[in-house]
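Data first, discussion second: the structure below is written as C-alpha coordinates.
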Amino acid sequence: MHWLLNLTPAFVVDRAVFAENCRKMHENARDWGATFRGHLKTHKTVEGTKLQLVSDVGRTSAVVVSTLMEAWGVVQGGLVADGTVKDILYGLPVGLNKLDDLSALHAEMTRYGGTVRIFLDHLDQVKFLEEYERAQEHPKKWSAFIKMNGGTKRAGILPEPVSFKAFMRRVFASSVISVFGFYTHAGNSYGSTSLEQATSYLTGEVRLTNDAAAMAMEVLAESDNREVDKQPFVLSVGSTPTALSATAEAKLKMTSTLNGTLELHTGNYTMLDLQQVHTTLIGRPQISQKVLATVISYYPGRGSDGRDEAMCDAGAIAMSKDTGRIPGFGEVVGRSWKLGRISQEHGTLEQVTPDPESGRTNPTLKIGDTIEIIGQHACLIAAAYPWYYIIDSDEGGDKVVDIWVPWKGW
(Lines of atoms letter the chains of each structure in order from A and count residues from 1; the text may use other names and numbers.)
(Lines give C-alpha, C1' and ligand atoms only; values in the text may rest on other atoms or scores of the structure.)
Protein backbone atom coordinates (compact mmCIF):
# COMPACT_ATOMS: atom_id res chain seq x y z
CA MET A 1 0.00 0.00 0.00
CA HIS A 2 3.06 2.27 0.01
CA TRP A 3 1.87 4.24 -3.04
CA LEU A 4 -1.27 5.26 -1.13
CA LEU A 5 0.93 7.39 1.11
CA ASN A 6 0.91 10.07 -1.59
CA LEU A 7 -2.89 9.98 -1.92
CA THR A 8 -4.14 10.86 1.55
CA PRO A 9 -6.78 11.21 2.72
CA ALA A 10 -7.78 7.80 1.37
CA PHE A 11 -10.63 5.47 2.29
CA VAL A 12 -9.55 1.85 2.77
CA VAL A 13 -11.82 -1.18 3.19
CA ASP A 14 -10.70 -4.63 4.34
CA ARG A 15 -12.68 -6.97 2.11
CA ALA A 16 -12.17 -9.99 4.36
CA VAL A 17 -13.59 -8.19 7.41
CA PHE A 18 -16.43 -6.71 5.34
CA ALA A 19 -17.33 -10.20 4.05
CA GLU A 20 -17.17 -11.74 7.52
CA ASN A 21 -19.52 -9.07 8.87
CA CYS A 22 -21.94 -9.97 6.07
CA ARG A 23 -21.66 -13.67 6.82
CA LYS A 24 -22.37 -13.10 10.51
CA MET A 25 -25.46 -11.04 9.71
CA HIS A 26 -26.82 -13.86 7.54
CA GLU A 27 -26.19 -16.14 10.50
CA ASN A 28 -28.09 -13.81 12.83
CA ALA A 29 -31.08 -13.61 10.50
CA ARG A 30 -31.14 -17.39 10.09
CA ASP A 31 -30.87 -18.08 13.82
CA TRP A 32 -33.49 -15.45 14.63
CA GLY A 33 -35.89 -16.97 12.12
CA ALA A 34 -36.06 -14.04 9.69
CA THR A 35 -35.39 -13.29 6.07
CA PHE A 36 -32.82 -10.57 5.41
CA ARG A 37 -32.87 -7.33 3.43
CA GLY A 38 -29.52 -5.60 3.00
CA HIS A 39 -29.36 -1.80 3.14
CA LEU A 40 -26.92 -0.50 0.54
CA LYS A 41 -26.57 3.08 1.78
CA THR A 42 -23.29 2.59 3.63
CA HIS A 43 -21.06 1.32 0.82
CA LYS A 44 -23.17 2.00 -2.33
CA THR A 45 -21.19 -0.41 -4.53
CA VAL A 46 -21.76 -3.42 -6.80
CA GLU A 47 -19.01 -5.40 -5.08
CA GLY A 48 -20.27 -4.67 -1.58
CA THR A 49 -23.82 -5.60 -2.56
CA LYS A 50 -22.69 -9.02 -3.76
CA LEU A 51 -20.96 -9.67 -0.42
CA GLN A 52 -24.00 -8.42 1.49
CA LEU A 53 -26.44 -10.70 -0.27
CA VAL A 54 -24.53 -13.96 -0.71
CA SER A 55 -22.40 -15.83 1.84
CA ASP A 56 -21.69 -19.43 2.76
CA VAL A 57 -24.40 -19.13 5.44
CA GLY A 58 -27.24 -17.84 3.30
CA ARG A 59 -28.37 -15.54 0.56
CA THR A 60 -31.05 -12.96 -0.10
CA SER A 61 -32.09 -10.99 -3.15
CA ALA A 62 -33.82 -8.15 -1.26
CA VAL A 63 -32.27 -4.72 -0.70
CA VAL A 64 -33.12 -1.27 0.63
CA VAL A 65 -31.74 1.82 -1.08
CA SER A 66 -31.69 5.35 0.27
CA THR A 67 -31.40 7.02 -3.15
CA LEU A 68 -32.65 6.26 -6.63
CA MET A 69 -29.04 6.48 -7.81
CA GLU A 70 -28.33 3.40 -5.69
CA ALA A 71 -31.28 1.60 -7.26
CA TRP A 72 -30.12 2.42 -10.77
CA GLY A 73 -26.58 1.47 -9.78
CA VAL A 74 -27.88 -1.98 -8.87
CA VAL A 75 -29.62 -2.27 -12.24
CA GLN A 76 -26.80 -0.87 -14.34
CA GLY A 77 -24.27 -2.96 -12.44
CA GLY A 78 -25.95 -6.10 -13.76
CA LEU A 79 -27.21 -7.25 -10.37
CA VAL A 80 -30.84 -7.44 -11.51
CA ALA A 81 -30.11 -9.12 -14.83
CA ASP A 82 -28.03 -11.83 -13.14
CA GLY A 83 -30.65 -12.45 -10.44
CA THR A 84 -28.57 -11.18 -7.50
CA VAL A 85 -31.20 -8.53 -6.70
CA LYS A 86 -34.90 -9.22 -7.24
CA ASP A 87 -36.50 -6.89 -4.70
CA ILE A 88 -35.64 -3.18 -4.29
CA LEU A 89 -37.24 -1.09 -1.56
CA TYR A 90 -36.90 2.67 -1.97
CA GLY A 91 -36.18 3.67 1.60
CA LEU A 92 -37.83 7.09 1.85
CA PRO A 93 -41.55 7.84 1.98
CA VAL A 94 -42.54 8.07 -1.67
CA GLY A 95 -42.45 11.57 -3.14
CA LEU A 96 -44.53 12.80 -6.05
CA ASN A 97 -41.38 14.11 -7.75
CA LYS A 98 -39.88 10.60 -7.75
CA LEU A 99 -42.76 8.76 -9.41
CA ASP A 100 -41.52 9.01 -13.00
CA ASP A 101 -38.12 7.64 -12.01
CA LEU A 102 -39.65 4.97 -9.79
CA SER A 103 -41.99 3.96 -12.59
CA ALA A 104 -39.05 3.54 -14.97
CA LEU A 105 -37.30 1.48 -12.30
CA HIS A 106 -40.48 -0.55 -11.80
CA ALA A 107 -40.62 -1.32 -15.53
CA GLU A 108 -36.98 -2.37 -15.59
CA MET A 109 -37.37 -4.63 -12.55
CA THR A 110 -40.56 -6.16 -13.97
CA ARG A 111 -38.68 -6.99 -17.16
CA TYR A 112 -36.46 -9.31 -15.13
CA GLY A 113 -39.22 -10.63 -12.86
CA GLY A 114 -38.25 -8.33 -10.00
CA THR A 115 -40.15 -5.98 -7.70
CA VAL A 116 -39.93 -2.37 -6.58
CA ARG A 117 -41.44 -1.49 -3.21
CA ILE A 118 -42.19 1.89 -1.67
CA PHE A 119 -42.87 3.42 1.75
CA LEU A 120 -46.19 5.00 2.71
CA ASP A 121 -46.83 7.03 5.85
CA HIS A 122 -49.33 9.73 4.78
CA LEU A 123 -52.73 9.82 3.07
CA ASP A 124 -51.55 12.41 0.53
CA GLN A 125 -49.14 9.79 -0.82
CA VAL A 126 -52.07 7.47 -1.51
CA LYS A 127 -53.91 10.30 -3.25
CA PHE A 128 -51.09 11.30 -5.60
CA LEU A 129 -50.28 7.65 -6.41
CA GLU A 130 -53.87 7.19 -7.54
CA GLU A 131 -53.83 10.40 -9.55
CA TYR A 132 -50.54 9.43 -11.16
CA GLU A 133 -51.72 5.96 -12.16
CA ARG A 134 -55.01 7.30 -13.55
CA ALA A 135 -52.95 9.29 -16.04
CA GLN A 136 -51.02 6.21 -17.21
CA GLU A 137 -51.92 4.16 -20.25
CA HIS A 138 -51.21 0.99 -18.28
CA PRO A 139 -51.85 1.64 -14.56
CA LYS A 140 -49.90 -0.51 -12.13
CA LYS A 141 -50.18 -1.55 -8.52
CA TRP A 142 -47.46 -0.48 -6.11
CA SER A 143 -46.17 -2.86 -3.45
CA ALA A 144 -45.84 -0.87 -0.25
CA PHE A 145 -44.47 -1.13 3.24
CA ILE A 146 -46.29 1.02 5.78
CA LYS A 147 -43.53 2.92 7.58
CA MET A 148 -44.05 2.98 11.34
CA ASN A 149 -42.82 5.65 13.75
CA GLY A 150 -41.34 3.92 16.77
CA GLY A 151 -40.76 7.14 18.67
CA THR A 152 -37.67 8.44 16.89
CA LYS A 153 -39.71 11.07 15.02
CA ARG A 154 -38.06 10.46 11.68
CA ALA A 155 -40.36 8.91 9.08
CA GLY A 156 -43.42 6.85 9.85
CA ILE A 157 -47.00 6.83 11.04
CA LEU A 158 -47.79 6.49 14.73
CA PRO A 159 -49.61 3.33 15.87
CA GLU A 160 -52.50 5.27 17.45
CA PRO A 161 -55.43 2.89 16.83
CA VAL A 162 -58.10 5.30 15.57
CA SER A 163 -55.95 7.27 13.13
CA PHE A 164 -53.92 4.23 12.08
CA LYS A 165 -57.00 2.15 11.27
CA ALA A 166 -58.48 5.06 9.30
CA PHE A 167 -55.22 5.25 7.35
CA MET A 168 -55.26 1.51 6.65
CA ARG A 169 -58.91 1.59 5.49
CA ARG A 170 -57.96 4.20 2.92
CA VAL A 171 -54.87 2.27 1.80
CA PHE A 172 -56.74 -1.03 1.49
CA ALA A 173 -59.46 0.71 -0.54
CA SER A 174 -56.95 1.90 -3.12
CA SER A 175 -56.72 0.04 -6.40
CA VAL A 176 -53.08 1.05 -6.93
CA ILE A 177 -51.57 -0.17 -3.65
CA SER A 178 -50.85 -3.63 -2.31
CA VAL A 179 -49.68 -3.70 1.31
CA PHE A 180 -46.59 -5.88 1.63
CA GLY A 181 -45.91 -5.29 5.30
CA PHE A 182 -44.87 -2.95 8.08
CA TYR A 183 -41.39 -1.47 8.52
CA THR A 184 -39.59 0.32 11.32
CA HIS A 185 -36.06 1.38 12.20
CA ALA A 186 -34.93 1.86 15.80
CA GLY A 187 -32.38 4.62 15.24
CA ASN A 188 -32.44 5.26 18.99
CA SER A 189 -30.83 1.84 19.49
CA TYR A 190 -27.48 3.50 18.75
CA GLY A 191 -27.64 4.63 22.36
CA SER A 192 -27.41 1.01 23.53
CA THR A 193 -24.45 0.05 25.69
CA SER A 194 -25.22 -3.64 26.15
CA LEU A 195 -26.70 -6.63 24.37
CA GLU A 196 -29.63 -6.49 26.78
CA GLN A 197 -30.46 -2.91 25.82
CA ALA A 198 -30.16 -3.61 22.09
CA THR A 199 -32.40 -6.66 22.48
CA SER A 200 -34.96 -4.47 24.24
CA TYR A 201 -35.00 -2.11 21.24
CA LEU A 202 -35.36 -5.11 18.92
CA THR A 203 -38.31 -6.34 20.96
CA GLY A 204 -39.87 -2.89 20.64
CA GLU A 205 -39.46 -2.96 16.85
CA VAL A 206 -41.16 -6.35 16.63
CA ARG A 207 -43.97 -5.27 18.93
CA LEU A 208 -44.61 -2.10 16.90
CA THR A 209 -44.81 -3.83 13.52
CA ASN A 210 -46.71 -6.77 14.95
CA ASP A 211 -49.32 -4.51 16.55
CA ALA A 212 -49.64 -2.59 13.28
CA ALA A 213 -50.24 -5.85 11.42
CA ALA A 214 -52.85 -6.87 14.00
CA MET A 215 -54.75 -3.61 13.53
CA ALA A 216 -54.52 -3.98 9.75
CA MET A 217 -55.97 -7.48 10.01
CA GLU A 218 -58.86 -6.08 12.06
CA VAL A 219 -59.53 -3.53 9.32
CA LEU A 220 -59.50 -6.29 6.70
CA ALA A 221 -61.85 -8.41 8.79
CA GLU A 222 -64.35 -5.55 8.82
CA SER A 223 -64.34 -5.25 5.03
CA ASP A 224 -64.88 -7.49 2.05
CA ASN A 225 -61.30 -6.91 0.88
CA ARG A 226 -59.53 -10.26 0.83
CA GLU A 227 -56.89 -9.39 -1.77
CA VAL A 228 -54.19 -8.47 0.75
CA ASP A 229 -55.08 -11.40 2.96
CA LYS A 230 -53.60 -13.96 0.58
CA GLN A 231 -50.04 -13.62 1.92
CA PRO A 232 -48.91 -12.87 5.49
CA PHE A 233 -47.65 -9.38 6.14
CA VAL A 234 -43.88 -8.89 6.37
CA LEU A 235 -42.71 -7.38 9.65
CA SER A 236 -39.44 -5.64 8.74
CA VAL A 237 -37.28 -4.52 11.65
CA GLY A 238 -33.70 -3.59 12.21
CA SER A 239 -30.85 -1.20 12.79
CA THR A 240 -27.26 -2.31 13.16
CA PRO A 241 -27.45 -2.61 16.99
CA THR A 242 -30.81 -4.42 16.98
CA ALA A 243 -29.79 -6.67 14.08
CA LEU A 244 -26.59 -7.59 15.92
CA SER A 245 -28.77 -8.58 18.88
CA ALA A 246 -31.08 -10.74 16.74
CA THR A 247 -29.80 -14.11 17.89
CA ALA A 248 -31.26 -17.52 18.61
CA GLU A 249 -31.37 -16.51 22.28
CA ALA A 250 -33.33 -13.37 21.42
CA LYS A 251 -35.79 -15.47 19.45
CA LEU A 252 -36.52 -17.56 22.53
CA LYS A 253 -37.53 -14.40 24.39
CA MET A 254 -40.25 -13.51 21.88
CA THR A 255 -43.53 -14.41 23.51
CA SER A 256 -46.18 -12.78 21.33
CA THR A 257 -47.83 -14.52 18.40
CA LEU A 258 -46.61 -12.96 15.19
CA ASN A 259 -49.09 -11.51 12.72
CA GLY A 260 -46.67 -11.95 9.84
CA THR A 261 -43.20 -13.12 8.88
CA LEU A 262 -40.05 -11.48 10.20
CA GLU A 263 -37.57 -9.61 8.02
CA LEU A 264 -34.33 -8.13 9.31
CA HIS A 265 -32.82 -5.06 7.63
CA THR A 266 -29.59 -3.18 8.31
CA GLY A 267 -26.64 -1.62 6.50
CA ASN A 268 -23.91 -0.07 8.66
CA TYR A 269 -22.84 -3.52 9.93
CA THR A 270 -20.79 -4.08 6.77
CA MET A 271 -18.24 -1.41 7.74
CA LEU A 272 -18.97 -0.41 11.36
CA ASP A 273 -17.43 2.52 13.25
CA LEU A 274 -16.91 4.13 16.65
CA GLN A 275 -20.63 4.69 17.18
CA GLN A 276 -21.09 0.94 16.97
CA VAL A 277 -18.08 0.26 19.22
CA HIS A 278 -19.81 2.31 21.91
CA THR A 279 -22.77 -0.08 21.91
CA THR A 280 -20.35 -2.84 23.06
CA LEU A 281 -21.94 -5.19 20.50
CA ILE A 282 -18.84 -5.16 18.30
CA GLY A 283 -15.10 -4.82 18.79
CA ARG A 284 -12.63 -2.70 16.88
CA PRO A 285 -11.31 -5.71 14.89
CA GLN A 286 -14.76 -5.97 13.24
CA ILE A 287 -14.48 -2.48 11.73
CA SER A 288 -13.71 -2.95 8.04
CA GLN A 289 -13.06 0.70 7.09
CA LYS A 290 -10.43 3.27 7.92
CA VAL A 291 -9.14 6.57 6.61
CA LEU A 292 -5.45 7.00 5.81
CA ALA A 293 -4.14 10.47 6.63
CA THR A 294 -0.75 12.18 6.77
CA VAL A 295 0.64 14.16 9.71
CA ILE A 296 1.53 17.57 8.25
CA SER A 297 2.52 19.60 11.35
CA TYR A 298 3.27 19.17 15.06
CA TYR A 299 2.65 21.44 18.07
CA PRO A 300 4.44 20.41 21.32
CA GLY A 301 2.56 21.25 24.52
CA ARG A 302 -0.18 23.18 22.73
CA GLY A 303 -3.12 21.23 24.16
CA SER A 304 -5.24 22.71 26.95
CA ASP A 305 -3.74 20.15 29.34
CA GLY A 306 -0.19 20.70 28.11
CA ARG A 307 -0.17 17.65 25.88
CA ASP A 308 1.06 17.73 22.32
CA GLU A 309 -1.13 18.34 19.29
CA ALA A 310 -0.56 17.67 15.60
CA MET A 311 -2.29 18.35 12.31
CA CYS A 312 -3.31 15.86 9.63
CA ASP A 313 -4.76 16.23 6.14
CA ALA A 314 -8.12 14.62 6.99
CA GLY A 315 -10.80 17.06 8.07
CA ALA A 316 -14.56 17.40 8.10
CA ILE A 317 -15.09 16.33 4.50
CA ALA A 318 -12.82 13.30 4.88
CA MET A 319 -14.24 12.21 8.25
CA SER A 320 -17.70 13.89 8.48
CA LYS A 321 -18.73 16.00 11.46
CA ASP A 322 -20.74 13.25 13.09
CA THR A 323 -19.87 12.61 16.71
CA GLY A 324 -20.76 9.88 19.17
CA ARG A 325 -20.45 8.83 22.79
CA ILE A 326 -16.74 8.12 22.28
CA PRO A 327 -15.01 11.54 22.39
CA GLY A 328 -13.62 13.10 19.24
CA PHE A 329 -14.16 12.62 15.52
CA GLY A 330 -11.96 9.54 15.24
CA GLU A 331 -9.34 7.34 16.85
CA VAL A 332 -5.81 6.90 15.50
CA VAL A 333 -5.21 3.16 15.17
CA GLY A 334 -2.41 1.86 17.39
CA ARG A 335 -1.50 5.27 18.78
CA SER A 336 -2.70 7.17 21.82
CA TRP A 337 -4.09 10.02 19.74
CA LYS A 338 -7.56 11.08 18.66
CA LEU A 339 -8.94 13.38 15.99
CA GLY A 340 -10.12 16.04 18.40
CA ARG A 341 -11.02 19.03 16.22
CA ILE A 342 -11.74 19.36 12.52
CA SER A 343 -11.92 22.04 9.86
CA GLN A 344 -12.96 21.49 6.27
CA GLU A 345 -9.74 19.91 4.96
CA HIS A 346 -7.58 19.33 8.03
CA GLY A 347 -7.90 17.83 11.45
CA THR A 348 -6.24 18.52 14.79
CA LEU A 349 -4.88 15.44 16.52
CA GLU A 350 -4.79 15.40 20.32
CA GLN A 351 -2.77 13.13 22.60
CA VAL A 352 -4.84 10.92 24.88
CA THR A 353 -4.06 8.53 27.72
CA PRO A 354 -2.75 5.21 26.33
CA ASP A 355 -5.47 2.55 26.19
CA PRO A 356 -4.12 -1.04 26.13
CA GLU A 357 -7.64 -2.45 25.68
CA SER A 358 -8.03 -0.75 22.30
CA GLY A 359 -4.38 -1.25 21.35
CA ARG A 360 -3.76 2.52 21.30
CA THR A 361 -0.56 2.66 23.32
CA ASN A 362 2.04 4.31 21.06
CA PRO A 363 2.37 8.01 21.98
CA THR A 364 4.81 8.94 19.23
CA LEU A 365 3.81 10.90 16.16
CA LYS A 366 5.93 12.94 13.78
CA ILE A 367 5.52 15.01 10.65
CA GLY A 368 5.29 12.79 7.59
CA ASP A 369 3.76 9.81 9.42
CA THR A 370 0.88 8.05 7.73
CA ILE A 371 -1.84 7.25 10.24
CA GLU A 372 -5.02 5.20 10.14
CA ILE A 373 -8.15 6.78 11.61
CA ILE A 374 -11.37 5.02 12.60
CA GLY A 375 -14.19 7.55 12.44
CA GLN A 376 -17.53 7.93 14.15
CA HIS A 377 -19.97 7.14 11.31
CA ALA A 378 -18.88 4.98 8.38
CA CYS A 379 -21.90 5.83 6.20
CA LEU A 380 -21.10 9.53 6.03
CA ILE A 381 -17.34 9.02 5.84
CA ALA A 382 -17.62 6.67 2.86
CA ALA A 383 -19.91 9.13 1.09
CA ALA A 384 -17.04 11.62 0.76
CA TYR A 385 -14.81 9.40 -1.35
CA PRO A 386 -14.93 8.88 -5.14
CA TRP A 387 -13.47 5.38 -4.75
CA TYR A 388 -12.40 2.95 -2.04
CA TYR A 389 -9.04 1.19 -1.88
CA ILE A 390 -9.67 -2.47 -1.09
CA ILE A 391 -7.24 -4.59 0.89
CA ASP A 392 -7.79 -8.16 2.12
CA SER A 393 -6.41 -9.30 5.47
CA ASP A 394 -6.90 -12.91 4.37
CA GLU A 395 -4.30 -12.16 1.69
CA GLY A 396 -1.88 -10.32 3.96
CA GLY A 397 -3.64 -6.96 3.91
CA ASP A 398 -0.51 -5.19 2.69
CA LYS A 399 -1.55 -4.37 -0.86
CA VAL A 400 -4.51 -2.95 -2.73
CA VAL A 401 -6.38 -5.82 -4.38
CA ASP A 402 -9.32 -3.92 -5.87
CA ILE A 403 -10.95 -0.52 -6.29
CA TRP A 404 -14.65 -0.08 -5.54
CA VAL A 405 -16.40 2.91 -7.10
CA PRO A 406 -19.54 3.95 -5.19
CA TRP A 407 -22.74 5.31 -6.70
CA LYS A 408 -22.92 9.07 -6.25
CA GLY A 409 -25.86 11.47 -6.24
CA TRP A 410 -29.56 11.06 -5.62
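6 is the number of the first residue of the sequence shown in this note's numbering; add one for each residue after it.
All C-beta atoms in this analysis are idealised placements derived from N, C-alpha and C, irrespective of residue type, glycine included.
Computed from a predicted structure; not experimentally measured.
Original post:
Thinking C-alpha only, which one of K132, S194, A298 is nearest F172?
Top reply: Closest by C-alpha distance to F172, out of K132, S194, A298, is K132.
Subject >> Neighbour-count burial assignment, L128, 16 or more Cβ in a 10 Å radius >> reply: L128 is exposed by the Cβ-count criterion.
Subject >> CA-to-CA distance, I379 to A218, given in whole angstroms >> reply: Cα-Cα distance, rounded: 40 Å.
**OP:** Write down every uninterrupted run of the beta strand (DSSP E) in the stretch 167 to 220 whose length is 3 residues or greater and which is fully enclosed by it, in chain order.
**Re:** Note on the stretch 167 to 220: whole beta strand (DSSP E) runs with a minimum of 3 residues are 182 to 188, in chain order.
Original post:
Within 10 angstroms of its Cβ, does I376 collect 16 or more other Cβ (buried), or is it exposed?
Top reply: By the Cβ neighbour-count rule, I376 is buried, with 16 or more other Cβ atoms within 10 Å of its own.
Original post:
Three or more C-beta pairs closer than 8 Å, one from the stretch 269 to 281 and one from the stretch 361 to 375: is that the case here?
Top reply: Here the stretch 269 to 281 does not lie against the stretch 361 to 375, with fewer than 3 beta-carbon pairs under 8 Å apart.
**OP:** Go ahead and pull the three-state DSSP assignment for Y390.
**Re:** DSSP places Y390 in coil when its eight states are reduced to three.
**OP:** Have a look at S168, Y195, A251, A203 and flag the residue whose alpha-carbon is nearest the alpha-carbon of M220.
**Re:** Measuring from the Cα of M220, the nearest candidate turns out to be S168.
Original post:
Out of curiosity, what's the CA-to-CA distance linking E314 and R307?
Top reply: Rounded to the nearest angstrom, the two C-alpha atoms are 6 Å apart.
Original post:
Does the Cβ-Cβ distance between S241 and H270 come in under 7 Å?
Top reply: Contact check for S241 against H270 passes: the beta carbons are separated by less than 7 Å.
Subject >> Per DSSP, the bridge partner or partners of D19 >> reply: DSSP lists I396 as the bridge partner or partners of D19.
**OP:** Helix, strand or coil for F4, going by three-state DSSP, please let me know.
**Re:** Missing from the structure shown is residue 4; the chain here goes from 6 to 415 and no further.
Subject >> Backbone CA spacing between R64 and Y304 [nearest angstrom] >> reply: Approximately 51 Å, taken between the alpha carbons.
**OP:** Would you mind reading off the limits of the alpha helix (DSSP H) that contains K256?
**Re:** Start and end: 253 to 257.
**OP:** Locate the beta strand (DSSP E) running through L101, then write down its first and last residues.
**Re:** For L101, there is no enclosing beta strand (DSSP E), as DSSP gives it neither H nor E.
Subject >> Those residues which DSSP pairs with A67 across a bridge >> reply: According to DSSP, which records beta bridges pairwise, A67 is partnered with D92.
Original post:
Considering only the beta carbon of each residue, do Y390 and F16 sit closer than 7 Å?
Top reply: Contact flag set, yes.
**OP:** Drop a sphere of 10 angstroms on the beta-carbon of S197, count the other beta-carbons inside from all chains shown, and report buried for 16 or more, exposed for fewer.
**Re:** Note on S197: 16 or more other CB atoms within 10 angstroms of its CB, so buried under the neighbour-count rule.
Original post:
Does the separation of the CB atoms of M324 and I386 fall below 7 Å?
Top reply: A contact, by the Cβ cut-off of 7 Å.
Original post:
Do L58 and T89 have their C-beta atoms within less than 7 Å of each other?
Top reply: For the 7 Å CB-CB criterion, L58 and T89 form a contact.
**OP:** Would you check if the distance between the CB atom of T40 and the CB atom of E268 is smaller than 7 Å?
**Re:** Cβ distance < 7 Å, so T40 and E268 count as in contact.
Original post:
Which residues does DSSP pair with Q294 in a beta bridge?
Top reply: For Q294, the beta-bridge partners assigned by DSSP are V18.
Subject >> Delimiting residues of the beta strand (DSSP E) encompassing H270 >> reply: Boundaries of the beta strand (DSSP E) around H270: 265 to 271.
Subject >> Length of the line joining the Cα atoms of L101 and G311 >> reply: In a straight line, the C-alpha of L101 is about 57 Å away from that of G311.
**OP:** Counting only the same chain and skipping the five closest in sequence on each side, list residues whose C-beta sits under 7 Å from that of T252.
**Re:** These residues qualify, in order along the chain: N33, D36, W37.
**OP:** Just mark Q349 as buried or exposed, buried being the case when its beta carbon has 16 or more other beta carbons within 10 Å.
**Re:** Exposure of Q349 is indicated by the presence of fewer than 16 other C-beta atoms within 10 angstroms of its C-beta.
**OP:** Please list, in chain order, all residues of the same chain as L163 whose beta carbon is under 6 Å from its beta carbon, the five residues on each side excluded.
**Re:** Cβ-Cβ distances below 6 Å link L163 to N154 in the same chain, with the five nearest sequence neighbours on each side left out; the list follows chain order.
Original post:
In this structure, what does DSSP give as the bridge partners for I376?
Top reply: The partner list for I376 (beta bridge, DSSP) reads A298.
Original post:
Can you tell me whether DSSP reads L107 as helix, strand or coil?
Top reply: In the three-state reduction of the DSSP assignment, L107 falls in the helix class.
Original post:
Can you tell me whether DSSP reads T278 as helix, strand or coil?
Top reply: First, the amino acid is wrong: residue 278 is Asp here, not Thr. D278 falls in the coil class under three-state DSSP.
Original post:
Any chance the stretch 72 to 89 sits against the stretch 43 to 62, with 3 or more Cβ pairs inside 8 Å?
Top reply: Result yes; three or more Cβ-Cβ pairs closer than 8 Å.
**OP:** Within the same chain, show all residues whose beta-carbon is closer than 8 Å to that of D61, passing over the 5 residues directly before and after it, in chain order.
**Re:** If we look at D61 and ignore the five residues flanking it on each side, its Cβ neighbours are R28.
Original post:
Who are the Cβ neighbours of L73 in its own chain at under 6 Å, not counting the five residues just before and after it?
Top reply: So the list reads D106, once near-sequence residues are dropped.
Original post:
Which full runs of the alpha helix (DSSP H) of 4+ residues lie inside the stretch 312 to 375, going along the chain?
Top reply: For the stretch 312 to 375, whole alpha helix (DSSP H) runs of length 4 or above, ordered along the chain, are 321 to 324.
Original post:
Among residues of its own chain, excluding the 5 on either side of M396, which ones have a beta-carbon nearer than 8 Å to its beta-carbon?
Top reply: The displayed chain sequence assigns Ile, not Met, to residue 396. Answer for I396: M6, V17, V18, D19, R20, G402, D403, K404, V405, V406, listed in chain order.
Original post:
Does the separation of the CB atoms of G272 and K46 fall below 7 Å?
Top reply: The answer is yes: Cβ separation under 7 Å.
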